[in-house]
Amino acid sequence: MVPDLAESWKVSSDGKIYTFHLRRAVKWHDGKEFTADDVKFTYEKILDPEVASPLKPYFELVEKIDVVDDYTLRIQLSKPYAPFLEKLVVGIVPKHLLDGKDIKTAEFNHNPVGTGPFKFVEWKKGERLVMEANPDYFLGKPEVDRVVVTFIPDENTRLLQIVKGEVDGAFLPPKLASKAESSEVQVFTVPTGEWCGIALPYENPLFRDRNLRQAIAYAIDKQAIVDNVLEGKGEPTSIPFRSNHWAFNPKAKRYSPDLEKAKTLLAASGWEDTDGDGILDKNGEPLCFILMYPADDVLRKDICTAVRTDLREVGIDVELAGLSWEQIKPRMYQDATLFFFATVYDPDDQYPIWHSEFIGQGWWNPTCFRNGTVDELLEKGRATMDKQKRREIYGKLQEILAEEQPMVFIAFMDHTYLCSKRIKGIKIHPEGHSGYLTEGIWWNLEEWSLE
108 MVPDLAESWK
118 VSSDGKIYTF
128 HLRRAVKWHD
138 GKEFTADDVK
148 FTYEKILDPE
158 VASPLKPYFE
168 LVEKIDVVDD
178 YTLRIQLSKP
188 YAPFLEKLVV
198 GIVPKHLLDG
208 KDIKTAEFNH
218 NPVGTGPFKF
228 VEWKKGERLV
238 MEANPDYFLG
248 KPEVDRVVVT
258 FIPDENTRLL
268 QIVKGEVDGA
278 FLPPKLASKA
288 ESSEVQVFTV
298 PTGEWCGIAL
308 PYENPLFRDR
318 NLRQAIAYAI
328 DKQAIVDNVL
338 EGKGEPTSIP
348 FRSNHWAFNP
358 KAKRYSPDLE
368 KAKTLLAASG
378 WEDTDGDGIL
388 DKNGEPLCFI
398 LMYPADDVLR
408 KDICTAVRTD
418 LREVGIDVEL
428 AGLSWEQIKP
438 RMYQDATLFF
448 FATVYDPDDQ
458 YPIWHSEFIG
468 QGWWNPTCFR
478 NGTVDELLEK
488 GRATMDKQKR
498 REIYGKLQEI
508 LAEEQPMVFI
518 AFMDHTYLCS
528 KRIKGIKIHP
538 EGHSGYLTEG
548 IWWNLEEWSL
558 E
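Counted from 1, the sequence shown has number 470 at position 363 by my numbering; the numbering is strictly sequential.
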């Protein structure tokens, strides 16, 4: 955890009181002074039911927020919550511009004011976002005077534009990124906590069979997907924790490719090829299912295609369905879906993915996974402050997830970014989901310079 607007903090011995000492002489982009009132206002708005913030679940243990003075804030929780510091990393908003306003419809949403190194200039939805250097930034004015973010949904167009020098940086899948490296373009590989997995929803009776779920895990050649689809930029996995994560459990079950093991598990569940067509069947029904992915995502399509090929080898027929997210959502409790999630810093990221209370809550717990022991471990993990004890708790969680395979975990995926070689000062920084302006190579934009 690196200080930014908070210079330092202290947590009480019982883990329930957090005291923050804020940076002084920080100004909002409109010249007003940043104070503890802004921080309190932001967190209270997150908790406001009328705002309906997606961050609200992370703040529900907050009992009281006190402004001690202009630069000191105290937050009291009802009980210890280990990942709380990480959850506090949100954008602070100016009270003087939003107090008394409807957050959801305020002009601020189209003309934001912050405290960071770049000031908002213009946003043309679906086209571009323009920012300029903030001369009053508390760490000094950035060397780059102006930043233009161009929105280019099509990945091939992005590739073409960076090769031609029409843009200076872009996020691309590994296969496309490898085509762009040249004397003028540099490629950066950024380690991530983002993993992909096939959600097998328990609402579909087919997927309630653990033998089937494990057979799918054994049938997929995950290393081949890393090598051929991700161009070697990633790590095969059988659990949602990367091997370099502090809570990683090396003893959790692993699924290396084993077609015979997969066939044995399927046979044990009564699947056999009675008509010799290469597809297993039972009670006259073939072993087949639909695997959904977002149609405009080339990377996910390539992963799903590789999965379909592998599963055919053990007699499972997979029908691929490239759809919009709007089409996927109402079907995700019946059909399999390739999801990307992330376990970046705190393992509490796993809570809404597996806890039964999140079934039916938006995109969370897409497998409809219900396991009393897992619920208990997740609750205990976030309430335990001791890191070693938390490591043991999440180690047990990984063992259960590895055994049950409610989602067939495939790989962690590193991200690839391209930048013009005239840009200097880029630093690699681990990230979670891809492409956000505060992650990847973009996180230290204020330190960049141009040759």
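For glycine and all other residues, C-beta sits at the position ideal for the given N, C-alpha and C. Computed from a prediction, not measured in an experiment: that's the story for all the values here.
C-alpha gap between residue i and residue j, whole angstroms
{"i": "residue 452", "j": "residue 356", "result": "15 Å"}
{"i": "residue 478", "j": "residue 114", "result": "41 Å"}
{"i": "residue 129", "j": "residue 427", "result": "52 Å"}
{"i": "residue 500", "j": "residue 458", "result": "13 Å"}
{"i": "residue 194", "j": "residue 380", "result": "51 Å"}
{"i": "residue 180", "j": "residue 173", "result": "6 Å"}
{"i": "residue 259", "j": "residue 323", "result": "36 Å"}
{"i": "residue 334", "j": "residue 350", "result": "18 Å"}
{"i": "residue 375", "j": "residue 123", "result": "51 Å"}
{"i": "residue 537", "j": "residue 390", "result": "49 Å"}
{"i": "residue 564", "j": "residue 424", "result": "Because residue 564 is not part of the residues shown, which for the chain are 108 to 558, the question remains open."}
{"i": "residue 232", "j": "residue 255", "result": "13 Å"}
{"i": "residue 361", "j": "residue 509", "result": "7 Å"}
{"i": "residue 467", "j": "residue 288", "result": "44 Å"}
{"i": "residue 506", "j": "residue 139", "result": "52 Å"}
{"i": "residue 512", "j": "residue 218", "result": "45 Å"}
{"i": "residue 119", "j": "residue 184", "result": "11 Å"}
{"i": "residue 121", "j": "residue 298", "result": "34 Å"}
{"i": "residue 275", "j": "residue 524", "result": "11 Å"}
{"i": "residue 445", "j": "residue 210", "result": "34 Å"}
{"i": "residue 317", "j": "residue 406", "result": "28 Å"}
{"i": "residue 252", "j": "residue 529", "result": "15 Å"}
{"i": "residue 159", "j": "residue 153", "result": "8 Å"}
{"i": "residue 558", "j": "residue 236", "result": "23 Å"}
{"i": "residue 196", "j": "residue 521", "result": "23 Å"}
{"i": "residue 293", "j": "residue 409", "result": "24 Å"}
{"i": "residue 144", "j": "residue 199", "result": "10 Å"}
{"i": "residue 535", "j": "residue 465", "result": "34 Å"}
{"i": "residue 486", "j": "residue 472", "result": "15 Å"}
{"i": "residue 326", "j": "residue 514", "result": "14 Å"}
{"i": "residue 166", "j": "residue 244", "result": "29 Å"}
Range of the contiguous beta strand (DSSP E) that encloses residue i
{"i": "residue 183", "result": "179 to 184"}
{"i": "residue 162", "result": "Run containing residue 162: none; DSSP gives neither H nor E here."}
{"i": "residue 126", "result": "124 to 129"}
{"i": "residue 279", "result": "276 to 279"}
{"i": "residue 259", "result": "Neither: residue 259 is in no beta strand (DSSP E) and is coded neither H nor E."}
{"i": "residue 248", "result": "Here residue 248 belongs to no beta strand (DSSP E), and DSSP marks it neither H nor E."}
{"i": "residue 370", "result": "Here residue 370 belongs to no beta strand (DSSP E); instead the alpha helix (DSSP H) covers 366 to 375."}
Close Cβ partners of residue i (< 7 Å) along its chain, the five nearest in sequence each way excluded
{"i": "residue 516", "result": "302, 304, 344, 345, 346, 347"}
{"i": "residue 226", "result": "136, 238, 239, 241"}
{"i": "residue 147", "result": "172, 174, 180"}
Other residues of its chain near residue i: CB distance less than 6 Å, five sequence neighbours each side excluded
{"i": "residue 442", "result": "397, 399"}
{"i": "residue 546", "result": "538"}
{"i": "residue 463", "result": "477, 482"}
Paired residues, beta bridge with residue i - DSSP
{"i": "residue 302", "result": "448, 519"}
{"i": "residue 398", "result": "427, 443"}
{"i": "residue 240", "result": "225"}
{"i": "residue 108", "result": "Answer by DSSP bridge pairing: none, since residue 108 is not bridged."}
{"i": "residue 295", "result": "524"}
{"i": "residue 389", "result": "392"}
{"i": "residue 230", "result": "236"}
Boundaries of the alpha helix (DSSP H) in which residue i is found, first to last residue
{"i": "residue 145", "result": "143 to 154"}
{"i": "residue 417", "result": "405 to 419"}
{"i": "residue 113", "result": "Taken as a continuous stretch (DSSP letters only), residue 113 belongs to no alpha helix (DSSP H), being part of the beta strand (DSSP E) at 113 to 118."}
{"i": "residue 507", "result": "494 to 511"}
{"i": "residue 486", "result": "479 to 490"}
{"i": "residue 323", "result": "317 to 326"}
{"i": "residue 535", "result": "Segment: none, residue 535 is in no alpha helix (DSSP H) and carries neither H nor E."}
Coil, strand or helix - residue i by DSSP
{"i": "residue 139", "result": "coil"}
{"i": "residue 341", "result": "strand"}
{"i": "residue 435", "result": "helix"}
{"i": "residue 549", "result": "helix"}
{"i": "residue 188", "result": "coil"}
{"i": "residue 273", "result": "coil"}
{"i": "residue 267", "result": "helix"}
{"i": "residue 346", "result": "coil"}
{"i": "residue 363", "result": "coil"}
is_contact[residue i, chain D] using C-beta, thresh 8 Å
{"i": "residue 326", "result": "You won't find chain D in this structure, because it holds only one protein chain."}
Contact set for residue i: own chain, Cβ-Cβ below 8 Å, skip 5 residues either direction
{"i": "residue 497", "result": "189, 354, 454, 488, 491"}
{"i": "residue 395", "result": "386, 423, 424, 425, 426"}
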